[in-house]
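See structure below.
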Amino acid sequence: MKRLRDTPPPRSPRRPERSGGGPGVRTPVVLAVPALLAVAFLLLPLAGILGRTAWSDVGGHLTRSGVTEALRLSLVVSFWALGLSLLLGVPLAWVLARTDFPGKTLVRSLVLLPMVLPPTVGGVALLLAFGRRGLLGPWLEDTFGVTLPFHTSGAVLAATFVAMPFLVISLEGALGGLRPGYEETAASLGASPLRVFLTVTLPMVAPGLVAGAALTWARALGEFGATITFAGNLPGTTQTLPLQVYLLLQEEPDAATSLSLLLLVIALAVLIALRGRWTGGAPPAAARRAPVAVDG
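Each residue of the sequence shown is one higher than the one before, starting from 1 at the first, in UniProt numbering.
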């Protein structure tokens, strides 16, 4: 009589290990000390703003006519820059994520260039391209009567130049992590490419789009170097909040600190709103499971 071998019990599916350490993992001192120093290095300037703010005068500083005008202009410029970035950056992100063409690496490098370029250099480049003696400046002035430097439209152009890459990079990552199955299904049902993009693709990459748009707006709101170089610092025309802070810092440091506090609060609000959406590449589970409904 043959002896039956004991069969081992079935193994439960192994859970993927997390990249982060568990509660029992001890951080080496050689890493903990520099990490704490890095955190302190980042926090001390913020603590300086909070500690030196004249809290009793903040309301008065923020309600001055010059400050309110600069705030209004900052909002106008930043939202116009966001609109231009969406208009130009969304198609560019789709092209970079979904198509292959000669020079694609060069185009992506050009997209990243404003992120690493000194802002004042960006302003000089804009001046040489769109100024009255620039490459396109004379043609724009003669054909359309448009003069960009030292005008609000110039401030919008400068903010768009430095901020649009944040939208393109964020949305390109989201599109790159999107499975094309639903788009292919919609196309097979007769939807046009534009309809597929608007009704299927964009809703599925909404987290990445929202994150990129928020970062773009925040970057445009805080733009200084390219704006002052290309558009100047004209009150009511190109003097945004960062430029107002620069002027007040030389004459009224307390007022400059109050305006810096306002910009700091706005930046923190954007970061809190983007919590968990930095990568934004993979669509949410609900979007991956949702059926695609396409009419004709």
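Virtual Cβ for every residue (Gly too), placed ideally from N, Cα, C.
Taking its Cβ as the centre, do 16 or more other Cβ atoms sit within 10 Å of residue i, making it buried, or is it exposed?
i    : result
P207 : buried
W55  : exposed
P118 : exposed
G51  : exposed
L37  : exposed
R288 : With a pLDDT of only 44 at R288, under 50, the local geometry of the prediction cannot be trusted, and no value is derived from it.
W139 : exposed
T216 : buried
M204 : buried
S74  : buried
T279 : Summary for T279: the model assigns pLDDT 41, below 50, so the residue's position carries little reliability; its value from the coordinates is reported in the next sentence. Burial call: exposed.
F41  : exposed
L4   : Only weak support exists for where L4 lies, its pLDDT of 48 falling under 50; the coordinates are left without a value.
G131 : buried
Of the choices the options, whose alpha-carbon is the least far from that of residue i?
i    : options                   : result
T237 : P102, L71 and E183        : L71
A47  : S260, A273, L271 and L274 : S260
V67  : V265, V168 and A255       : A255
I49  : L249, R275, L271 and V270 : L249
L127 : S153, T105 and V111       : S153
V76  : A129, L157, P149 and G181 : L157
L171 : V111, Y182, G131 and T185 : V111
S78  : L271, I266 and R275       : I266
P242 : A93, A155 and E141        : A155
A231 : L271, V107 and A125       : A125
L209 : V58, L82, L43 and L44     : L82
A269 : P34, A214, S258 and A220  : A214
A211 : L84, L106, V30 and A174   : A174
Please report the Cβ distance between residue i and residue j, rounded to the nearest whole angstrom; I am assuming they are in contact, meaning their Cβ atoms lie under 8 Å.
i    : j    : result
G222 : L263 : 6 Å
Given the structure, does residue i come close to the ligand COA, in the sense that its CB is under 7 Å from one of the ligand's heavy atoms?
i    : result
Y182 : Although the ligand COA was asked about, the structure shown includes no ligands whatsoever.
Inside the stretch 192-261 only - alpha helix (DSSP H) runs reaching at least 4 residues
193-196, 206-221, 225-230 and 241-251
contact_flag[the stretch 85-92, the stretch 155-165] where n(CB pairs < 8 Å) is 3 or more:
yes
In the stretch 114-157, which residue ranges form an unbroken alpha helix (DSSP H) of at least 4 residues, counting only runs that do not cross its ends?
119-130 and 137-144
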